[in-house]
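Q: Heads up: the protein sequence lines correspond to chains A and B, in order.
FYI, the numbering for the first sequence is 1 to 619, going by the working numbering.
FYI, the numbering for the second sequence is 1 to 45, going by the working numbering.
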Amino acid sequence: MTSNQSNRARVTRFERQEPWQPHSFGPVQSRLWQALVALTLLTGAWYLVWRWTVSINWDATWVSLPLAIAETAAFGGMVLHGLSNWSDWRPERPDLPAFPGHIGLDGMPRALSVDVFFATYDEDVDMLRDGIRDARAMFYPYPLDLRIHVLDDGRRPAMAQMAAAEGVGYITRANNVGYKAGNLRNAMEQTSGDMIVIFDADTRPFPDFLTETLGYFRDPKVAWVQTPQWFWDIPPGVPLPAWLGRRFGAAGRAIGRAVEATIGPVRFGADPFGNDPQIFYDFIQMRRNVAYASFCCGAGSVHRREALMEAAIRAWVAELERNMATQEAELTAIGAGGADTETEGALRHITAQEVDFTPFKLHVSEDIYTSIMLHSDRERGWRSVMHPKVVSRMLSPQDLLAWTIQRYKYAGGSLDILVHDNPLFRSGLSAGQKLMYAATFVPYLSPLWTLVLLLAPPAYMLTGAAPIDAYTADYFLHLLPFLLLNEVSQTIGFWGANTQASRRWYVAMFPLKLKALVAVLRGERIRFPVTPKDRAEGAFYRLVLPQIGLVALTLFALAWGWGRNAAGAEGYGLGAMIANTLWSGYNIVSLWPIINAAMWKPDPEFDLPVMTEYRNVLS
Amino acid sequence: MSFRNGLIAARGQILWILLLALSSVAILRTDLDLTPSRPPLEAAP
């Protein structure tokens, strides 16, 4: 098969998937969003003041106090969310740089040099080949010294052969120290480009990747630009006409088409793992731009080499000084302090060899950790930019186990940073950057209050002990405006994105985050134990047992509570029953997506082609 | 994103808001007996 035929074979239905268009708010929508956030937070504060001053049931503090604390903590998270998403400001993108002098480097008349790294460990060789070919097709209007490298931690001869055949560099090493961060560090040591582009093995850049991103580097303070990660293999679900057609034949299809003509496309079972990252990149990360605080997410980012190296040197010197101080203190403690210059020099030499020099922090969350390191370099004041437009495509986790492992690493890595090197106490970060990092890290503590909010309704239904002193009209009067305003503000502020799904997954993930929190507090390594049976198709129930247990408990408690209400039992008033029933319903709806994901099987007609077509072409 | 596409993406959310709003009005205007779920403190023995 010729190269052209091969390329044509890969232009499949799957490859014609379109990414989202970046949102763009005018001044009216921005002000409306900000006004709604302010109103939501004010009504939330009003509700909480009422809760603490009027409505605590002091006769059942075992349930009422944890609930009030949980509500307050959840509100704190909401404040961080609102403030960190407050502004839609985005930096100007100047003209593309033609020479290194345009990005603040030497003024030599030479082409800009860009190293493109494809980090891989065990991925398919053909997958890498596609990415490399796409990278070679990246366009730039000025002379550019583009060097593509495969960073193979798998040390595979087939990968080396492919790299040679494609005419790109092949970099490997004798060990896998530091995993991906170590792999990148090793490649940095062997390359010298002005800029570094990081791609994962499954990244397929678009031709305009460089023209969309390099302009930002005209600002000499910009250290890196992150672009959105778009997954082009997310199961699209079954269209309503087909879904109805399977059940009711031609009449069902006709009704489905009529409904879709009226209210737009309807899909059953789309994105079963909540992988769509639009909200994260197009809203949350974009809105960190106002504080130049978007963080690096690895693949799809462009870095100024100078920034990474300088920050690494500073971190290395700081670590060296810390270690020296510790050793000197230990020597003093045993009466050997005040060493002469020669001894101190020798000690410094030995210590220097023990301290890692690493542009990317060797950490399970190396991307965000490196971002914090660069942002907190007060002397240089490095900035980061989140670019709005999708300029590459990638593959998503395809089952609940892969999803769980990925999310567990995110949670564990973030919590590890929060506990051991909290950015809020780090000097060098601006107040805005601290707020943004708080908004990123605090939600990982959310299981502490989510669990209480999930358990409160069944606790009431089963015991009759109300956490709220009186479920009167006054209660609803304080709560409902807050809830309504929150929903309206989220709809306006994240216009075009599915915030409901995102919030449901946020709640449903609580056991995973709790497990990560416990592991970090116990000083355990962040790794997710996998048993062979987990890999069997459809056997993912073990991963969602806590959620299944909670849904069962809530349903049982509902039946019990209404039974007691019907019997006229004291403590089971109608107001309390209504409030707790609605609340229980919301909890069940929130927990459902992850249980559904454990049972989910791709639809052979609509999901499988999109999920497997590219992989089948490769195999 | 066009307004129509935004509306399509937000339709579930809008439906949920309407449901919440209607429930709120129903709860606040209804004659349901929303008596406290337990006797007031001063009435307790």
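No residue lacks a Cβ here, since even glycine has one placed at the ideal position from N, Cα and C.
Which one or two residues does DSSP pair with residue 226(A) in a beta bridge?
A: 301(A), 386(A)
Q: What do you reckon, are the CB atoms on residue 153(A) and residue 465(A) nearer than 9 angstroms?
A: no
Q: Let me check one thing: in DSSP terms, what residues is residue 117(A) bridge-paired to?
A: 149(A), 198(A)
Q: Express the C-alpha separation of residue 277(A) and residue 242(A) in angstroms, rounding to a whole number.
A: 27 angstroms
Q: Would you decide whether residue 125(A) is buried or exposed? Buried here means 16 or more other CB atoms lie within 10 Å of its CB.
A: buried
Q: Kindly provide the ranges of any alpha helix (DSSP H) runs that are 4 or more residues long and lie completely inside the segment 151 to 210 of chain A, ordered along the chain.
A: 157 to 166, 179 to 189
Q: Using 8 angstroms as the threshold, is the segment 560 to 575 of chain A in touch with the segment 458 to 473 of chain A, meaning 3 or more CB pairs across them?
A: yes
Q: Residue 239(A) bridges to which residues according to DSSP?
A: Bridge partners of residue 239(A): 267(A).
Q: Would you verify that the beta carbon of residue 139(A) is, or is not, closer than 9 angstroms to some beta carbon of chain B?
A: no
Q: Can you list, in chain order, the residues of the segment 163 to 181 of chain A whose Cβ is nearer than 9 angstroms to any Cβ on chain B?
A: none
Q: Round the Cβ separation of residue 457(A) and residue 583(A) to the nearest angstrom and send it over; I've been treating them as touching at under 8 angstroms.
A: 5 angstroms
Q: Compare the C-alpha of residue 450(A) against each of 497(A), 485(A), 513(A) and name the closest.
A: 513(A)
Q: In terms of residue numbering, what span does the alpha helix (DSSP H) encompassing residue 434(A) cover?
A: Segment 431 to 441, the alpha helix (DSSP H) holding residue 434(A).
Q: Taking only three categories from DSSP, how would you classify residue 392(A)?
A: Residue state, collapsed to three classes: strand.
Q: Quick check on residue 360(A): does DSSP put it in helix, strand or coil?
A: coil
Q: Classify residue 454(A): buried if its beta carbon has 16 or more other beta carbons within 10 angstroms, exposed otherwise.
A: buried
Q: How would you call residue 46(A), buried or exposed, if buried means at least 16 neighbouring beta carbons within 10 angstroms?
A: Of the residues assessed, residue 46(A) falls on the exposed side of the cut-off, its CB having fewer than 16 other CB atoms within 10 angstroms.
Q: Looking at chain B, is there any beta carbon in it that lies within less than 9 angstroms of the beta carbon of residue 567(A)?
A: no
Q: Give the DSSP bridge partners of residue 231(A), in chain order.
A: 394(A)
Q: Kindly say whether residue 289(A), judged by its beta-carbon, lies nearer than 9 angstroms to any beta-carbon of chain B.
A: No, its Cβ sits nowhere closer than 9 angstroms to a Cβ of chain B.
Q: Any beta carbon from chain B within less than 9 angstroms of residue 265(A)'s own beta carbon?
A: yes
Q: Check for me: the alpha helix (DSSP H) holding residue 644(A) runs from which residue to which?
A: Residue 644(A) cannot be examined here, being either before or after the span of chain A that is shown, 1 to 619.
Q: Going by DSSP, which residues form a beta bridge with residue 56(A)?
A: 468(A)
Q: Can you list, in chain order, the residues of the segment 472 to 487 of chain A whose Cβ is nearer than 7 angstroms to any Cβ on chain B?
A: 472, 473, 476, 477, 480, 483, 484, 487
Q: Identify the residues that DSSP records as bridge partners of residue 112(A): which are they?
A: 144(A)
Q: Kindly list, in the order they appear in chain B, the residues whose Cβ is closer than 8 angstroms to that of residue 26(A).
A: Going along chain B, no residue has its Cβ under 8 angstroms from residue 26(A), so there is no contact; the nearest lies around 12 angstroms.
Q: Residue 495(A) touches chain B at which residues, Cβ-Cβ below 7 angstroms?
A: 6, 10
Q: Is there a Cβ from chain B that is less than 9 angstroms from the Cβ of residue 622(A)?
A: Lying before the first or after the last residue shown, residue 622(A) is absent from chain A, which here runs from 1 to 619.
Q: At the level of alpha carbons, what is the spacing between residue 3(B) and residue 25(A)?
A: 11 angstroms
Q: My output table needs one value for residue 138(A): the three-state DSSP class, helix, strand or coil.
A: coil
Q: Which value, in whole angstroms, describes the spacing of the CA atoms of residue 132(A) and residue 170(A)?
A: About 12 angstroms.
Q: Following the continuous alpha helix (DSSP H) through residue 24(B), name the residue where it begins and the one where it ends.
A: 3 to 29
Q: Would you say residue 275(A) lies against chain B (beta-carbon separation less than 9 angstroms)?
A: no
Q: Does residue 71(A) come out as helix, strand or coil in the three-state DSSP assignment?
A: helix
Q: Between the segment 70 to 80 of chain A and the segment 438 to 447 of chain A, do three or more beta carbon pairs fall short of 8 angstroms?
A: yes
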